[in-house]
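A.B. asks:
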Amino acid sequence: KAGVTQTPRYLIKTRGQQVTLSCSPISGHRSVSWYQQTPGQGLQFLFEYFSETQRNKGNFPGRFSGRQFSNSRSEMNVSTLELGDSALYLCASSFSPTYEQYFGPGTRLTVT
Amino acid sequence: QKEVEQNSGPLSVPEGAIASLNCTYSDRGSQSFFWYRQYSGKSPELIMSIYSNGDKEDGRFTAQLNKASQYVSLLIRDSQPSDSATYLCAVFLTGTASKLTFGTGTRLQVTL
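The listed protein sequences derive, respectively, from chains V and R. Start counting the first sequence at 1; every next residue gets the next number (my numbering). Start counting the second sequence at 113; every next residue gets the next number (my numbering).
#1: How would you list, in chain order, the residues of chain R whose beta-carbon sits under 9 angstroms from the beta-carbon of residue 66/V?
#2: Considering only DSSP beta bridges, list what residue 13/V is partnered with.
#3: Which of the three DSSP states, helix, strand or coil, is assigned to residue 167/R?
#4: State yes or no: is the beta carbon of residue 121/R nearer than 8 angstroms to at least one beta carbon in chain V?
#5: Give the interface partners of residue 48/V over in chain R, defined as CB-CB distance under 8 angstroms, in chain order.
#6: Whose Cβ in chain V lies nearer than 7 angstroms to the Cβ of residue 217/R?
#7: For residue 104/V, return the contacting residues in chain R, with the cut-off set at a CB-CB distance below 8 angstroms.
#8: Rank 193/R, 114/R and 120/R by C-alpha distance to the C-alpha of residue 199/R and give the top, closest one.
#9: In chain V, which residues lie with their C-beta within 9 angstroms of the C-beta of residue 161/R?
Here's what the structure looks like:
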């Protein structure tokens with residue numbers, strides 16, 4: 001069974017730009033969660049989608065948004081990028097919200 | 113009090129020894145507990161899940177859960193240099209803000 005895939009793997013953007021990251025979950029998984037990981041803050045929860053509905057949202061500004069499609073694929077968008085948005089963005093999928101989550105390889109975003 | 117707490121380490125153990133990693137959590141209603149391993153520059157990898165009090169063994173790994181003490185631990189027997197990584201404890205918090213919450217991780221170093 002194929003794992004979670006994320007595209008792109010690396011991104012370099014300039015302050016003020018916006019970015020869209022994509023995540024394809026494991027086949028059959030309907031729950032997708034997004035996390036931001038930085039050396040100082042660790043793994044921080046961004047949001048979770050289940051059956052195209054946002055179940056929960058972390059403590060991030062409104063510049064961070066996401067959505068989930070009918071095939072369970074998910075995208076997250078960050079608008080008006082700031083230097084502090086430089087991080088590893090991780091997507092994780094699970095069969096349903098309380099089950100084990102499996103992570104993709106991540107997208108490393110660098111904002112200059 | 114942090115929702116999920118881990119000692120950041122590093123925890124240094126000699127090859128062949130038992131490594132003991134500990135985690136405490138604040139939400140008494142939590143029902144799902146997970147351990148992830150993360151190598152430097154890689155995404156977290158699920159290695160154990162535990163849902164009920166007691167021990168759960170999988171190969172060289174044993175997860176232990178004590179809900180009364182709000183404590184979960186991971187034992188790694190016959191530690192190998194390849195076990196050197198950061199180990200993340202994750203707890204599925206209940207309530208209206210139910211989400212998987214991660215500790216900051218314990219860095220394990222297995223020395224030759």
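Where is the CB? At the ideal position from N, CA and C, for every residue including glycine.
C.D. replies: Here's the rundown:
#1: Along the first sequence, one-based indexing puts residue 66/V at 66. Those within 9 angstroms of residue 66/V in chain R number zero; the least Cβ separation is about 14 angstroms.
#2: Numbered from 1 along the first sequence, position 13 holds the residue referred to as residue 13/V. BP columns for residue 13/V point to 111/V.
#3: As a position in the second sequence, residue 167/R is number 55, starting the count at 1. Here residue 167/R sits in strand by DSSP.
#4: Counted from its first residue, the second sequence places residue 121/R at position 9. So no, residue 121/R is outside the interface.
#5: Taking the first sequence and counting its residues from 1, the one referred to as residue 48/V is at position 48. Those within 8 angstroms of residue 48/V in chain R are 211.
#6: Taking the first residue of the second sequence as position 1, residue 217/R is located at position 105. Correct list: 42.
#7: The residue you call residue 104/V lines up with position 104 of the first sequence. Those are 155, listed as they occur along chain R.
#8: Along the second sequence, read from residue 1 onward, the residue named residue 199/R stands at position 87. If we check each option's Cα against that of residue 199/R, 120/R comes out closest.
#9: For this step, residue 161/R is matched to residue 49 along the second sequence. Ordered by position in chain V, the residues that pass the 9 angstroms Cβ test against residue 161/R are 99 and 100.
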